[in-house]
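These notes concern the structure reproduced below.
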Amino acid sequence: MHDVLIIGAGPAGLTAARSLREAGVKDILVVERTPTPGGLPRFAGHLGWGMLDRQRLWTGPVYARKLAEAAGVPIMTDTTVTALLPGGGVMLSTRHGMEERRAKRVLLATGIREMPRSARLLSGSRPWGVMSTGAFQELVMAGGVVPFRRPVVLGTELVSFSALLTARHGKIKPVAMIEEAPRITARQPADLLTRTLLGVPVLTGTRLLRIEGKERVTGVVVERGGREEHISCDGVIVSGKFVPEAALLRVSHLAVDQATGGPAIDNFGRCSDPAFFASGNLRRPVEHSGAVALEARRTAGFIHQSLAGALPEAPLAIAPGGKLRWVTPQRASPVGETLRFEARAERAKRGMLRVLADGKVVQEKPVSALPERRITIEVPCRRLRAARQIEVRLD
Ligand SMILES: Cc1cc2nc3c(=O)[nH]c(=O)nc-3n(C[C@H](O)[C@H](O)[C@H](O)COP(=O)(O)OP(=O)(O)OC[C@H]3O[C@@H](n4cnc5c(N)ncnc54)[C@H](O)[C@@H]3O)c2cc1C
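So in this note's numbering, spot 227 of the sequence shown is number 228, and the numbers just go up one at a time.
In structure tokens:
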């Protein structure tokens with residue numbers, strides 16, 4: 002029996018492993034399905050990783066390597082967890098076959114994946130050259146493959162801009178970024194930098210109608226200002242629109258939150274079976290690596306407390322309301338100084354973010370929300386102690 006078994010060797014899993022080891026937890030095992038630990042950063046060759054959690058400015062592959070070194074615990078690679086068993090068990094698929102392991106606590110840190118073309122209902126033919134940002138980055142960075150020369154990038158989330166940097170690395174010149182909304186999803190200067198530094202036009206208010214080409218992509222047809230336009234290109238990078246990598250969860254005994262698509266958790270990151278915790282982007286799509294790493298440290302602290310039997314119950318149910326798409330955590334224990342809620346809006350909206358305890362407003366603040374942008378609100382726990390139900394809403 003391990004003390005803690007961690008599923009996923011990305012920034013969340015590896016940071017938690019290090020924190021648990023430093024807290025004195027002895028038998029920690031990390032399990033990773035790919036041959037190399039590090040998670041998504043392994044294929045993002047641009048700078049910008051490690052600033053918040055390591056106070057360094059690294060490329061993704063360097064950041065991934067540093068995280069794995071600092072974890073200082075055994076990492077079982079080429080090993081996929083295929084089932085979660087009540088009370089802290091997992092089934093592993095290894096090079097040598099299937100095996101069951103048990104741990105006092107299991108941390109789920111399986112990250113996110115991009116919604117594929119099929120799930121986005123993109124119409125048109127099915128030529129080669131349509132891929133997610135993650136697949137594109139893996140091809141260019143790990144395989145040294147240049148899949149196309151003049152793609153369009155669909156989406157303007159932060160990762161869409163990461164795709165542009167990878168494209169530059171591979172000497173690939175995107176012909177345009179396409180965004181259906183009237184403004185980009187990432188923070189505003191990103192589009193200016195894209196136009197001026199990378200010379201890539203950012204077309205907002207533009208809807209992809211169909212992809213054209215028989216064997217390879219030859220172009221896309223978009224709608225702009227009520228008119229159809231043809232853009233000649235040889236590939237499409239379908240970026241953003243992330244969903245938690247929750248395949249394991251959906252066939253498990255653990256409760257899933259339908260709004261985030263991740264596990265239903267309490268404010269300690271604990272799942273509906275108290276032997277399981279969750280951290281990283283599996284909790285919700287999508288956060289940058291620094292935020293994920295800091296959250297993983299906090300979750301490791303709670304796992305440590307839980308091993309000592311010192312974590313309270315979390316009976317308070319939390320639900321999103323108004324124009325919120327989701328809120329996390331979904332349950333809470335109002336102990337300590339404050340409770341922090343993280344949420345996302347359905348669409349761009351300026352309004353009031355409110356916390357209601359049994360229907361009464363106990364905290365509020367004005368926010369300017371964008372669909373993929375984190376919004377948070379903290380409430381002093383003393384205002385929640387008598388509450389039975391909490392609603393976090395955007396009006
Ligand atoms: C294209 C792209 C570009 C990005 N660019 C940036 C950036 O520039 N800067 C930044 O800060 N953030 C960036 N991000 C976000 C960043 O990648 C994430 O915040 C971070 O990787 C999340 O860490 P994680 O540990 O939650 O998940 P991941 O990094 O996804 O790690 C999850 C790990 O779990 C493993 N796994 C999954 N299922 C199983 C299973 N069943 N069994 C065993 N192992 C499993 C996976 O193989 C993976 O290694 C980017 C994300 C994407 C997709």
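Beta carbons: idealized from backbone N, C-alpha and C, even for Gly.
Tell me, which residues are paired with M178 by DSSP? Translated into positions along the sequence shown, residue 178 becomes position 177. As a beta-bridge residue in DSSP terms, M178 pairs with V154 and V203.
Can you round the beta-carbon distance between A1 and G263 to whole angstroms, since I take them to be within the 8 Å contact cut? Any question about residue 1 goes unanswered here, given that the chain covers just 2 to 396.
Can you tell me whether DSSP reads P264 as helix, strand or coil? The residue labelled residue 264 in the question sits at position 263 within the sequence shown. In the structure shown, P264 sits in a strand (DSSP, three-state: E or B).
Would you list the one or two residues that DSSP bridges to Q364? Position 363 of the sequence shown, counted from the start, is the residue given in the question as residue 364. Note: Q364 sits in a beta bridge opposite V356.
Can you tell me the Cβ-Cβ gap for A13 and G302, rounded? I've got them flagged as a contact below 8 Å. Mapped onto the sequence shown, residue 13 falls at position 12. Mapped onto the sequence shown, residue 302 falls at position 301. No, A13 and G302 are not in contact; Cβ-Cβ is about 14 Å, not under 8 Å.
Beta-carbon separation of S273 and A265 under 9 Å? As a working note, residue 273 is residue 272 in the sequence shown. As a working note, residue 265 is residue 264 in the sequence shown. Yes.
Can you check which of these residues, Q56, V91, S133 and M52, is closest to V32 by C-alpha distance? Here residue 32 refers to the residue found at position 31 of the sequence shown. For V32, the nearest C-alpha among the options comes from V91.
What do you reckon, are the CB atoms on R106 and V257 nearer than 9 Å? For the purposes of this step, residue 106 is taken as residue 105 along the sequence shown, with counting starting at 1. For the purposes of this step, residue 257 is taken as residue 256 along the sequence shown, with counting starting at 1. By the CB criterion at 9 Å, R106 and V257 fall outside the cutoff.
Answer with buried or exposed for G46, where buried requires no fewer than 16 other C-beta atoms within 10 angstroms of its C-beta. Walking along the sequence shown from the start, residue 46 turns up at place 45. Buried, by the Cβ-count rule.
On the three-pair Cβ rule with 8 Å, is the segment 331 to 341 touching the segment 378 to 391? yes
Tell me which residue opens and which closes the alpha helix (DSSP H) that H303 is part of. Translated into the one-based positions of the sequence shown, residue 303 becomes position 302. Residue 303 is actually Phe in this sequence, not His. Segment S290 to L308, the alpha helix (DSSP H) holding F303.
How many Å lie between S126 and V239 at the Cα? Position 125 of the sequence shown, counted from the start, is the residue given in the question as residue 126. Position 238 of the sequence shown, counted from the start, is the residue given in the question as residue 239. Their backbone Cα atoms lie some 15 Å apart in a straight line.
Local conformation of I126 per DSSP, three classes: Numbered from its first residue, the sequence shown carries residue 126 at position 125. Per the sequence shown, residue 126 should be read as Ser rather than Ile. Reduced to three states, the DSSP call for S126 is coil.
So for K67, helix, strand or coil by DSSP? By 1-based counting over the sequence shown, the position of residue 67 is 66. Helix, per DSSP.
In terms of DSSP beta bridges, what is E100 paired with? For the purposes of this step, residue 100 is identified with residue 99 of the sequence shown, where counting begins at 1. According to DSSP, which records beta bridges pairwise, E100 is partnered with L93.
Simplified DSSP state of G220, which is helix, strand or coil: Against the sequence shown, residue 220 aligns to sequence position 219. Strand, per DSSP.
When the Cα atoms are used, what is the spatial distance from A24 to T37? If you number the sequence shown from 1, residue 24 lands on position 23. If you number the sequence shown from 1, residue 37 lands on position 36. Answer to the nearest angstrom: the Cα atoms are 25 Å apart.
Does the Cβ-Cβ distance between T134 and T205 come in under 9 Å? For this step, residue 134 is matched to residue 133 along the sequence shown. For this step, residue 205 is matched to residue 204 along the sequence shown. For T134 and T205, no; Cβs fall outside 9 Å.
Candidates L255, R326 and A346: closest to A84 by CA position: Within the sequence shown, the letter at position 83 stands for residue 84. Comparing Cα-Cα distances from A84 to each of L255, R326 and A346, the minimum goes to L255.
So, is P367 buried or exposed, given that buried needs 16 or more other C-beta atoms within 10 angstroms? As a working mapping, residue 367 is identified with position 366 in the sequence shown. Exposed is the call here.
For T60, the residue or residues it bridges with in DSSP: As a first step, residue 60 must be located in the sequence shown, where it is residue number 59. Partner(s): L48.
C-alpha gap between V82 and G270, whole angstroms: Within the sequence shown, numbered from 1, the residue matching residue 82 stands at position 81. Within the sequence shown, numbered from 1, the residue matching residue 270 stands at position 269. Their backbone Cα atoms lie some 20 Å apart in a straight line.
Using 8 Å as the Cβ pair cut-off and three pairs as the minimum, do the segment 145 to 157 and the segment 175 to 184 touch? yes
Roughly how many angstroms lie between the CA atoms of P128 and P148, to the nearest whole one? Indexing the sequence shown from 1 puts residue 128 at position 127. Indexing the sequence shown from 1 puts residue 148 at position 147. Distance between the alpha carbons of P128 and P148: 13 Å.
Top-ranked residue by Cα proximity to A349, from V362, V336, A358 and R326: By 1-based counting over the sequence shown, the position of residue 349 is 348. Selected option, being the one with the closest Cα: R326.
Hey, would you say G323 sits closer than 9 Å to R355, going by beta carbons? If you number the sequence shown from 1, residue 323 lands on position 322. If you number the sequence shown from 1, residue 355 lands on position 354. At the C-beta level, G323 and R355 come within 9 Å of one another.
Could you give the C-beta distance for V160 and G241, rounded to a whole number, given that I count them as a contact under 8 Å? Here residue 160 refers to the residue found at position 159 when the sequence shown is read from its first residue. Here residue 241 refers to the residue found at position 240 when the sequence shown is read from its first residue. Indeed, because the Cβ distance is near 6 Å, the residues count as touching under 8 Å.
Confirm the yes/no value for this check: CB of T80, any heavy atom of ligand 1, distance under 8 Å. Here the question's residue 80 lines up with position 79 in the sequence shown. Yes.
Can you find the residues in the same chain that come closer than 6 Å, C-beta to C-beta, to T80, ignoring five residues on each side of it along the sequence? Start at 1 with the first residue of the sequence shown, and residue 80 comes out as number 79. Correct list, in chain order: V32, L93 and T95.
Comparing C-alpha positions only, which one of E216, V218 and L209 sits nearest to R229? By 1-based counting over the sequence shown, the position of residue 229 is 228. Looking at the sequence itself, residue 229 is Glu, so the reference to Arg does not match. Measuring from the Cα of E229, the nearest candidate turns out to be L209.
Ligand 1 heavy atom lying under 8 Å from the CB of R348: Numbered from 1 along the sequence shown, position 347 holds the residue referred to as residue 348. R348: no, Cβ never under 8 Å from ligand 1.
Limits of the beta strand (DSSP E) - the one that T186 falls within: In the sequence shown, the residue the question calls residue 186 occupies position 185. Note, T186: premise wrong, no beta strand (DSSP E); not H, not E.
Go ahead and label Q189 buried or exposed: buried means 16 or more other beta carbons lie within 10 angstroms of its beta carbon, across all protein chains shown. Position 188 of the sequence shown holds residue 189. Looking at its Cβ environment, which holds fewer than 16 other Cβ atoms inside 10 Å, Q189 is exposed.
Give the single residue among V362, F162, A110 and G171 whose Cα lies nearest to the Cα of G144. On the sequence shown, position 143 is the one that residue 144 refers to. Among V362, F162, A110 and G171, the Cα nearest to that of G144 belongs to G171.
So the alpha helix (DSSP H) L140 belongs to, where does it begin and stop? The residue labelled residue 140 in the question sits at position 139 within the sequence shown. DSSP places L140 inside the alpha helix (DSSP H), whose first and last residues are T134 to M142.
Answer yes or no: does any C-beta atom of chain B fall closer than 9 Å to that of G322? Among the chains in the structure shown there is no chain B, since it carries only a single protein chain.
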